[in-house]
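There are 2 protein chains.
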Amino acid sequence: MDLPGQLSSLLRAGAVLTGDDMSAYLQDWWGRQTGSALCVTLPKTPEDVAAIVRACADAGHAIVPQGGRTGLTGAGVPGAGDRPPVILSLSQMRRIRKIDAINGSIDVDAGCVLSDVQSAAICVNRLFPVSLGAEGSCQIGGIISTNAGGTNVLRYGTTRENVLGLEVVLPDGTIWNGMKSLRKDNAGYALRHMFIGAEGTLGIITGAVLKLHPLPTAHATAWVGVSDPELALRLLNRLQSCCGERLTTFELMNAEQLEGVIAYRPTVPSPIDAAWHLLIELADISGPELLSEMLLASLEAAMSAGEILDAAIAQNGTQRDNFRALRHGTADANRHIGHVLSADISVSVSSVPRFLTAASAAVRTLYPEAQIVVVSHMGDGNVHFAVRFSHGDWGSYDDPAGTVIAIRTIVNDCADALGGSFSAEHGIGRKLIDELRKRTDQAGYQSMHRLKDAFDPRGIMNPGCVLGEQDQVS
Amino acid sequence: MDLPGQLSSLLRAGAVLTGDDMSAYLQDWWGRQTGSALCVTLPKTPEDVAAIVRACADAGHAIVPQGGRTGLTGAGVPGAGDRPPVILSLSQMRRIRKIDAINGSIDVDAGCVLSDVQSAAICVNRLFPVSLGAEGSCQIGGIISTNAGGTNVLRYGTTRENVLGLEVVLPDGTIWNGMKSLRKDNAGYALRHMFIGAEGTLGIITGAVLKLHPLPTAHATAWVGVSDPELALRLLNRLQSCCGERLTTFELMNAEQLEGVIAYRPTVPSPIDAAWHLLIELADISGPELLSEMLLASLEAAMSAGEILDAAIAQNGTQRDNFRALRHGTADANRHIGHVLSADISVSVSSVPRFLTAASAAVRTLYPEAQIVVVSHMGDGNVHFAVRFSHGDWGSYDDPAGTVIAIRTIVNDCADALGGSFSAEHGIGRKLIDELRKRTDQAGYQSMHRLKDAFDPRGIMNPGCVLGEQDQVS
Chain A
1292 MDLPGQLSSL LRAGAVLTGD DMSAYLQDWW GRQTGSALCV TLPKTPEDVA
1342 AIVRACADAG HAIVPQGGRT GLTGAGVPGA GDRPPVILSL SQMRRIRKID
1392 AINGSIDVDA GCVLSDVQSA AICVNRLFPV SLGAEGSCQI GGIISTNAGG
1442 TNVLRYGTTR ENVLGLEVVL PDGTIWNGMK SLRKDNAGYA LRHMFIGAEG
1492 TLGIITGAVL KLHPLPTAHA TAWVGVSDPE LALRLLNRLQ SCCGERLTTF
1542 ELMNAEQLEG VIAYRPTVPS PIDAAWHLLI ELADISGPEL LSEMLLASLE
1592 AAMSAGEILD AAIAQNGTQR DNFRALRHGT ADANRHIGHV LSADISVSVS
1642 SVPRFLTAAS AAVRTLYPEA QIVVVSHMGD GNVHFAVRFS HGDWGSYDDP
1692 AGTVIAIRTI VNDCADALGG SFSAEHGIGR KLIDELRKRT DQAGYQSMHR
1742 LKDAFDPRGI MNPGCVLGEQ DQVS
Chain B
1292 MDLPGQLSSL LRAGAVLTGD DMSAYLQDWW GRQTGSALCV TLPKTPEDVA
1342 AIVRACADAG HAIVPQGGRT GLTGAGVPGA GDRPPVILSL SQMRRIRKID
1392 AINGSIDVDA GCVLSDVQSA AICVNRLFPV SLGAEGSCQI GGIISTNAGG
1442 TNVLRYGTTR ENVLGLEVVL PDGTIWNGMK SLRKDNAGYA LRHMFIGAEG
1492 TLGIITGAVL KLHPLPTAHA TAWVGVSDPE LALRLLNRLQ SCCGERLTTF
1542 ELMNAEQLEG VIAYRPTVPS PIDAAWHLLI ELADISGPEL LSEMLLASLE
1592 AAMSAGEILD AAIAQNGTQR DNFRALRHGT ADANRHIGHV LSADISVSVS
1642 SVPRFLTAAS AAVRTLYPEA QIVVVSHMGD GNVHFAVRFS HGDWGSYDDP
1692 AGTVIAIRTI VNDCADALGG SFSAEHGIGR KLIDELRKRT DQAGYQSMHR
1742 LKDAFDPRGI MNPGCVLGEQ DQVS
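Read top to bottom, the protein sequences are chains A and B.
My numbering numbers the first residue of the first sequence as 1292 and each following residue consecutively.
My numbering numbers the first residue of the second sequence as 1292 and each following residue consecutively.
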């Protein structure tokens, strides 16, 4: 029997798709199809996943684990290759297994959608803090496998910091049960951290125990205009000194980015006229008045010190939603505008202004016509640095692909020079494997290979992702 | 040339110790010597460390990396064996390399003493939150290698959550430079997490970038008496709902433990008479009066609800120090009293009362004469569960070693039954390798071996620690 037939016999009816039924599973977030698959499998349980992996392992056949397909570097969809892989979609595994408010933990299937987990936490008066544009469709297994960031990292860390335990099907088809709900556990190596951020190349996450936090019920939100990022940095420092952990969000964008959002969503007005804009949010367990006073006092002091041009504090929920919509609308707006090269770099928070100055100057030297579009999770040092050309059409360049690579190199070099990273929150996927090879210290790169070879010696787990195609794939 | 001679030729004069000069380096925290060493090396730089490792690797000779020797499971001192290892002490590497207050990061040598790092952070108005009894002598490399916990985990996480980057000499003598100061970095596998908590068995940490937090300047501290742990849990839930992240410390001990501390440090009086005692602390960036009011209001509400018997809020710094001294004095008091079997288990926070009931009943059934001494980081689910016999002298038992093992098994079985861990914060070392083998899910245990074999195929890095003696050591 061929492999799809064999897999069908292992699973319930309708759990293996082939032909045109696969089309949705082959497209990435941009709606592009970059490769093909032998079949798509839709397991319901960890045991189903293990059975699929064992069958593929026996056949030496590659597997691409797939979540909500919202990743931006192509880890969850197949690349081009001679031997199309089996897609293993976790989308049918979306049970919330257990929730323990006092312990601050929730046990979920890997296919749960992020926003469903957020809602379940709120029902027991707790917060699951990972929040990002794709939260309505991205899945828990996906955000763990890419160690997703988002807009709350400043206060709550990345996804990694919010995972207590994992259940993983290893490349040999055995199930590792690491579903611990513990805040402290030093019983041997911390295996879960190997799988977090590994983009499905070391095993398939089927379940997770996530950390919940006290639910803030008081918020204070402001939109602030500044003349340059250096002054934004001073404001950040001021807010951290005055407000401590209450500071949840500190997001920077330039006027070009804001214009793009408003052009795409003209119903939301720009609150302030400035070269650089900040969305700032404080949150606390209680005391909304105190929180607003604290934010107001800090912003007044910043105004007196000449750090900021103007500020608007949201007076009600609608205003707050409007401010947030301006920030959260960036990804959709940029996708809509299209032809935007985007780098996802990080540097130390204190180096963000220096990075912006250096990268802008370097790009403009080579491409004076370039428009630079910046949106940055400044509070955690992550900058999405995009370059756009007014005519928009790459076809007018002699070598569009070469131009993309040239600009990416310039921008990532600037991050490197400041001890930064060329991949802050989007991961490597299939798109940045050359950058990883080029920019990782040699001992580190060899160690990554050592890890991959130890856990997936035949290279069947998401080959072509992170470390590139494995030689061992038969 | 023999290996000590060869190492001497690689290092500065006086950097290799032999004979009686080694004695201090062979003793653990209890002052016991459990094994011997070929020599002790005292490198000054990562390059020194790399040179020592290369020489040992060439000779196939085992290395025991050593920090402040405050570990409680023997990872940092040699065990017994036919071929004494080379001790590599990081104690001469104690430079603070860099500090960046705005980024909230500090770069240090692995040999820096924890309290020196805490002080350096305070100098720039920041907090390094890891705090534990041994902070005056334990070293950064050691607390990272054991993923130390302590009394602030409830709010700030374990050491792991406070490490941004690492520099590690790998078992082949190459240096991995992972000294990144980034809050977000998804460029490939998160190698640092492999080495954190690995107890020196995968490589030697020579430097680290640590995360700093806003420095709380307001504190409110209370000593609270409760009649049983179930009511303590209700109080914890109440405080988390009312105070959110301000709740920094929630430590439980029973009257037997408190009596032991007071007997050892009679200058500090017991604030309250109760079967169970709690040290509770709130901290905030500012507003000590608000914080005291918040704590008072919560405790008054708890009193009205019948959750607590009595409470004393510290009225000044001396009182606060006295309350803290009662908690921090437990380790020294228990060491002084001696003959105390101590388990370091964790369960979900909500299961702490159930664990205490089950473990106490199980021990008392077999040993009715046992005195049970409990001190617990209840806020993070970690319980130090000790058993003492009034006559103190193990010699009076037919089989003292067997009794130790029997009690440990009973207590750890109770943790297991609740999905807990037999090693919450002390690690495995040389003391708990059989427990790890016995209590780890098979796929997980095999994965640990796979990791060890991939990074240290010859088993020269701290053999006999975590996974037990490696067959491969030549």
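All C-beta atoms in this analysis are idealised placements derived from N, C-alpha and C, irrespective of residue type, glycine included.
Proximal chain B residues relative to residue i, where beta-carbon distance stays under 9 Å
i	result
H1717(A)	N1477
I1576(A)	Q1531, S1532, C1533, C1534, G1535, E1536, R1537
R1345(A)	Ordered by position in chain B, no residue passes the 9 Å Cβ test against R1345(A), which lies about 13 Å from the chain.
Where residue i meets chain B, residues with beta-carbon distance less than 8 Å
i	result
W1467(A)	D1732, A1734, G1735, S1738
L1286(A)	This structure cannot speak to residue 1286(A), because chain A is shown only from 1292 to 1765.
Opposing strand residues paired with residue i [DSSP bridges]
i	result
G1483(B)	The sequence given here has Arg at residue 1483(B), not Gly. Beta-bridge pairing links R1483(B) to no other residue.
H1568(B)	G1516(B), M1544(B)
M1752(A)	I1354(A)
D1391(A)	S1396(A)
Q1324(A)	Q1318(A)
E1458(A)	N1468(A), G1498(A)
Under the three-state DSSP convention, the category residue i falls into
i	result
S1633(B)	strand
K1743(B)	helix
M1544(B)	strand
R1679(B)	strand
G1432(B)	helix
H1504(A)	strand
D1601(B)	strand
G1686(B)	Note that G1686(B) has pLDDT 46, beneath the 50 cutoff, so the model's placement of it is unreliable and no number is given.
Q1763(B)	Any reading at Q1763(B) needs caution, since the residue's pLDDT is 40, under 50, leaving its predicted position unreliable; the model's value is listed next. Three-state result, Q1763(B): coil.
R1730(A)	helix
T1450(A)	helix
L1379(A)	strand
C1534(B)	helix
I1563(B)	coil
G1441(B)	coil
E1550(A)	helix
L1294(A)	helix
C1403(A)	coil
L1586(A)	helix
Listed by chain order, chain A residues near residue i by CB distance under 7 Å
i	result
Q1430(B)	Here the premise fails: no neighbours, minimum Cβ distance about 17 Å.
T1449(B)	K1475
S1772(B)	Residue 1772(B) is absent from the structure shown; chain B starts at 1292 and stops at 1765.
R1741(B)	A1745, F1746
Within chain A, partners of residue i - CB distance below 9 Å
i	result
I1487(B)	A1481, H1484
T1437(B)	N1477
P1691(B)	Those do not exist, as P1691(B) stays about 25 Å from chain A at its closest Cβ, beyond 9 Å.
V1377(B)	Per Cβ cutoff of 9 Å: no residues; V1377(B) is ~22 Å from chain A at best.
V1757(B)	G1479, Y1480
R1618(B)	Going along chain A, no residue has its Cβ under 9 Å from R1618(B), so there is no contact; the nearest lies around 17 Å.
V1444(B)	R1474, K1475
G1440(B)	R1474, K1475, N1477
Proximal chain A residues relative to residue i, where beta-carbon distance stays under 8 Å
i	result
D1744(B)	A1745
N1673(B)	R1474, K1475
S1712(B)	K1471, L1473, K1475, D1476, N1477, A1478
E1452(B)	G1448, E1452
Amino acids of chain D, ordered along the chain, whose beta-carbon sits closer than 7 Å to that of residue i
i	result
K1729(B)	Given the protein chain composition of this structure (A and B), no chain D is represented.
Chain-ordered neighbours of residue i on chain B, where CB pairs are closer than 7 Å
i	result
Q1531(A)	P1505
I1393(A)	L1524, N1528, V1640, S1641
Original post:
If we count Cβ pairs, one from each stretch, closer than 8 Å, do we get three or more for the region 1426–1438 of chain A versus the region 1458–1472 of chain A?
Top reply: no
Original post:
Do the region 1367–1376 of chain A and the region 1397–1416 of chain A touch if we need at least three Cβ pairs shorter than 8 Å?
Top reply: no
Original post:
Does the region 1545–1560 of chain B touch the region 1552–1566 of chain A, meaning 3 or more C-beta pairs lie closer than 8 Å?
Top reply: no
Subject >> Given 8 Å, three or more beta-carbon pairs between the region 1462–1470 of chain B and the region 1415–1424 of chain B >> reply: no
**OP:** Would you check if the region 1575–1587 of chain A and the region 1693–1711 of chain A touch, i.e. whether three or more CB-CB distances between them fall below 8 Å?
**Re:** no
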